[in-house]
Structure formats: C-alpha cells, structure tokens
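Please read the structure below before turning to the comments.
Protein chains: 2
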Amino acid sequence: MANRDYTAKTTYTISELADELEISPSSIRFYEEKGLINPQRTAGNQRVYLKKHRARLKMILRGKRFGFSLDEIGEMIGMENMQMHEIDQIDRSQMFFDKKIEEVRNRRAELDFMEKDLLSFKQKLDRRRMELEATDNKKLRSA
Amino acid sequence: MANRDYTAKTTYTISELADELEISPSSIRFYEEKGLINPQRTAGNQRVYLKKHRARLKMILRGKRFGFSLDEIGEMIGMENMQMHEIDQIDRSQMFFDKKIEEVRNRRAELDFMEKDLLSFKQKLDRRRMELEATDNKKLRSA
DNA sequence: AAATTAATTAAAGTTTACTTTAACTTTATA
DNA sequence: TATAAAGTTAAAGTAAACTTTAATTAATTT
Numbered sequence: 000m001a002n003r004d005y006t007a008k009t010t011y012t013i014s015e016l017a018d019e020l021e022i023s024p025s026s027i028r029f030y031e032e033k034g035l036i037n038p039q040r041t042a043g044n045q046r047v048y049l050k051k052h053r054a055r056l057k058m059i060l061r062g063k064r065f066g067f068s069l070d071e072i073g074e075m076i077g078m079e080n081m082q083m084h085e086i087d088q089i090d091r092s093q094m095f096f097d098k099k100i101e102e103v104r105n106r107r108a109e110l111d112f113m114e115k116d117l118l119s120f121k122q123k124l125d126r127r128r129m130e131l132e133a134t135d136n137k138k139l140r141s142a
Numbered sequence: 000m001a002n003r004d005y006t007a008k009t010t011y012t013i014s015e016l017a018d019e020l021e022i023s024p025s026s027i028r029f030y031e032e033k034g035l036i037n038p039q040r041t042a043g044n045q046r047v048y049l050k051k052h053r054a055r056l057k058m059i060l061r062g063k064r065f066g067f068s069l070d071e072i073g074e075m076i077g078m079e080n081m082q083m084h085e086i087d088q089i090d091r092s093q094m095f096f097d098k099k100i101e102e103v104r105n106r107r108a109e110l111d112f113m114e115k116d117l118l119s120f121k122q123k124l125d126r127r128r129m130e131l132e133a134t135d136n137k138k139l140r141s142a
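Just so you know, the protein sequences line up as chains A and B, in that order. Take the first sequence: its position 87, counting from 1, is numbered 86 in numbering that gives the first Met the number 0, and each next residue is one higher. Take the second sequence: its position 65, counting from 1, is numbered 64 in numbering that gives the first Met the number 0, and each next residue is one higher.
Below is the structure:
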C-alpha cells in the first residue's frame, strides 16, 4: 500500500487537546503531575499527545463528572497498567472494579431521584403560572 | 381526636440528622451558613429540624453527588422559594429547570460510558487471568 | 531573520467545601 | 444538683483541584 495519508489527525499539542476537551492546558499538565497521563515529547521538550492520550483524558473527565477524585482515578489507571503476576492480585483488582461498577449502577437510581426533585420544582412553577394567568384574566375582564 | 401520639419522630437535633445522613454536624451548619437550609430554634437557641429540613438536606446531598456545587444548589432552592409575580420570571425559571433536567438526562448516557470503561478494565484482567492460569498449568505438567 | 505565538517549569495563589479549635451555653444524666 | 454530653459562634486551618505568574525556551509566521 503506497503512500497513504488521509491527513487523519493522530497527534495533538496541549492546547489543541485543551480546546477540544474544554479544559485548560494547565489542567492537563496538572493531571500529568498527578501521574494520570504521560504524553510523549518533541525534540524540543514539548508535549505530544496521541489518540490514546486523548482517550485517557476523556476517561479522566468522565470519572471526574461521576464524582471520582483524581486519586481514585489514578488508582484505577494504576491497576489497568499494573503487571499482574499473581492470581490473587488479579482477584483483588477484579473485586475493586466490581465495587466501582456497582457504584455506577447505584448512581443511576439517584439520577432518577434528582430528576424527580427537578420536575417537582418545575411543576410548582407550573401551578403558580396558572394561578397568575387566572388572576390576569380576571383583571382583564373587569377592565 | 384526643391525645394522639404514635411517637412518630417529627423533630431532630443536629447530631441525629448528621448521624442519619452520615455527614458531620458542622457540615449541616455550613450548609445553613450558605443559606441552603433554615432550621427552627429552641428557647435555648439550639437548632431543631423538621421532616422538611431533612428532605431538604437529602436533596442537597443528592445534588452534591450529582456534581452540582453548593452555589448551584442554592440557586435552585432560591428559585423554588421565590415569590413569582410575573409570567416572565416563571418562564425564565422553567427554562432554568429544563436545562438542569437535560443535564441529568445527559448524565445517564455518561454513566453508560463509565460502566463500559470499568467493564473493559475488568475484561483486561480476565484475559490476564486466563494467560496466567495457562502458564501455571504448563509448569505443573512439566514438574 | 525578526517578531509573534505557544510551550516549559516551579512556585505561589485561589476557590470550594469542609473541619477544627476555642471559649462558652444549654440540655441530659448520675 | 453537679457533672457530663451536646450545642452555639466566630475564626482559623485544611485538602483537593486547579489557576496564575514569572522567567525562559521552542515553534510558527511575516
């Protein structure tokens, strides 16, 4: 296959990624400091990000939105990259992930409650709106 | 109806609520300072919480777990309690809640991604486990 | 080649959400 | 009724997650 280059983007500078993910370059550097991501470097020492780094960052942001702390996210990443030499070690990690998966599933139920809270706020406004409209109509008729 | 008292609990001290909701009394005081809750007081100035305060606290905690900041939660509560005198005002508030409800709904999709991330970590471990077991069996046979 | 523009680091600063402390008062228990 | 346990406030302290700054170097544009 000769000379294929569909100009598909495969590397990113820090600010390209920052723009795309709507976070600041310093946040990305901060995550690196915390050991959550390890980009390559150019000859001149500037960070170069590949698809996998972008995917990793997206995962970090999802974890954050879920409510995991950066330390927790770091723990997961650490386990993912760990050399697993013993069945026991694997079992413990599996249990760790089972717990996290359950947390995620429980969270779904909470979202339902949250939605109910918000809908009930909205309905309260609806009722108030109908009252107001009734009053306004009365005023209009009597005018 | 004479003398009914099913000893059903209708008031709480700060530490009773704190214990039940698994937060510290100071957190509850902190939420009060932020204007998120307003308990009654005893003659001796101690806080007394009713069912509605308990419900309010639960809502605050749900909001927090969702990722709303205390300021955002305060904004919602403020709108709930606001005197709505104008249709316009109501419309703006409705739009506010519509946006929040959409956020909650979008979050459900993210939970699915999060779960996928975690499941894929787990499967990686599964594969590693099978490799390890195969190797161990070989060793056993050759021993 | 000169001048922007973007990147680098280390360190200090900021915000949010609490927690702790201290000095004191109220309520419950022995 | 004395003692202990729980509550009160204001103010200072803390941890996490960034952000800002400053001094410097690299890459891009004109």
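Note that CB positions come from ideal geometry on N, CA and C, so glycine has one too.
- With respect to chain A, the C-beta atom of B/D70 has no partner C-beta closer than 7 Å.
- For B/D116, the closest C-alpha among the options A/G62, A/R28, A/E31 and A/E32 is that of A/G62.
- Between A/I76 and A/Y30, the beta carbon gap of about 10 Å keeps them out of contact (Cβ cut-off 8 Å).
- B/I89 and B/V103 have their C-alpha atoms roughly 21 Å apart.
- Per DSSP, reduced to three states, the secondary structure at B/T134 is helical.
- Each of B/Q93, B/I27, B/R126 and B/T12 was checked against the Cα of A/Q93, and the nearest Cα belongs to B/R126.
- For A/L35, there is no enclosing alpha helix (DSSP H), as DSSP gives it neither H nor E.
- With the criterion set as a beta carbon lying under 8 Å from some beta carbon of chain A, the stretch 14 to 29 of chain B has no members that meet it.
- By the C-beta density criterion, B/K8 is exposed, having fewer than 16 other C-beta atoms within 10 angstroms.
- The Cβ atoms of A/I36 and A/R55 sit closer than 7 Å to each other.
- The alpha carbon of A/L124 has as its nearest neighbour, out of B/M81, B/T41, B/I100 and B/E15, the alpha carbon of B/M81.
- In the DSSP assignment, B/T10 is bridged to B/L49.
- Taking 7 Å as the cut-off, the beta carbon of B/L131 is found closer than this to the beta carbon of A/I86.
- Residues of chain A with a Cβ closer than 8 Å to the Cβ of B/M94 do not exist, since the nearest Cβ in that chain sits about 10 Å away.
- Where A/I76 is concerned, the enclosing alpha helix (DSSP H) starts and stops at L69 to N80.
- Interface residue (Cβ-Cβ distance to chain B less than 7 Å): A/L110 is classified as such.
- The Cβ atoms of B/P38 and B/R46 sit closer than 7 Å to each other.
- Here B/M129 is exposed: its Cβ has fewer than 16 other Cβ atoms, across all protein chains shown, within 10 Å.
- For B/M113, the secondary structure class from DSSP, reduced to helix, strand or coil, is helix.
- Using a Cβ-Cβ cut-off of 7 Å, A/K99 counts as an interface residue toward chain B, since at least one Cβ of chain B sits closer than that to its own.
- For the pair B/F112 and A/E79, the CB atoms are not nearer than the 7 Å cut-off.
- The three-state reading of DSSP puts B/S119 in helix, counting H, G and I together.
- Exposed is the label assigned to B/H84, since fewer than 16 other Cβ atoms lie within 10 Å of its Cβ.
- Rounded to whole angstroms, the Cβ separation of B/R40 and B/Y11 is 13 Å, and the two are not in contact under 8 Å.
- Annotated three-state conformation of A/E21 is coil, per DSSP.
- At least one C-beta of chain A is nearer than 7 Å to the C-beta of B/D116.
- Cβ-Cβ separation between A/G66 and B/G66: approximately 6 Å, consistent with a contact (criterion under 8 Å).
- Here DSSP, grouped into helix, strand and coil, assigns B/M83 to coil.
- Interface residue (Cβ-Cβ distance to chain A less than 7 Å): B/V47 is not classified as such.
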